[in-house]
Structures are given as structure tokens and as C-alpha cells.
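In the UniProt record's numbering, the protein residues as written are 1 to 88.
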């Protein structure tokens, strides 16, 4: 990701999870700072529900008992000019 995101710049983020053992309820949690001042346009596969807890957006996996790699893809667009990139 670039250090500075220009107004209207679209980018894609892919989150991959590779469990080392069976996972009962997989929840991907993204910190508030990662999507600060962003508009999230799409998320595939879409979570069945979304929540916010402990300063993170949480997206449970639609399929329980994950034993294989799982990837979630989102497309976002910055909404403020010269927004600094969030800390990793």
C-alpha cells in the first residue's frame, strides 16, 4: 500500500487465513485504523453478519469448521485527499 492515498484512489486488500488446525468459528477482525476514512465498496465472500468490538470490525466466516485456506477480498476507496496510510 502506498504511504499516501490520494482522493478517489481505489485499492484491493486480500486477507488470507491458513489454519494449522480445524477452526470452529473463524472471525476476521480488521482494526479501526486500517479503514479510517475509507469507503468499502465490496467484500467477497461477504460475511453473513458484521459487528464492531474492541476497536475492530469483525466479519465471521459464513462456513464454520474451516480446515482449508480461506481468503477474503475487499475493494476500498479513499475519501479524503492525502490521507496517510494506516499503520501496519
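Note that the Cβ used here is the ideal one computed from N, Cα and C, for glycine as well.
All figures in this text were calculated on a predicted structure; none of them were measured in a lab.
{"query": "Leaving out the 5 sequence neighbours to the left and right, which residues in its chain are closer than 7 angstroms to residue 49 when beta-carbon positions are compared?", "result": "60"}
{"query": "Do you know how far the Cα of residue 16 is from the Cα of residue 25?", "result": "15 angstroms"}
{"query": "Of the residues 23, 33, 18, 21, which one's Cα is nearest the Cα of residue 55?", "result": "33"}
{"query": "Between the Cα of residue 12 and the Cα atoms of 28, 39, 21, 31, which residue gives the shortest distance?", "result": "39"}
{"query": "Within a Cβ cutoff of 6 angstroms, which residues of the same chain sit near residue 51, ignoring the five residues on either side of it in sequence?", "result": "58"}
{"query": "Whole angstroms are fine: how far does the CA of residue 14 sit from the CA of residue 21?", "result": "21 angstroms"}
{"query": "Whole angstroms are fine: how far does the CA of residue 47 sit from the CA of residue 53?", "result": "16 angstroms"}
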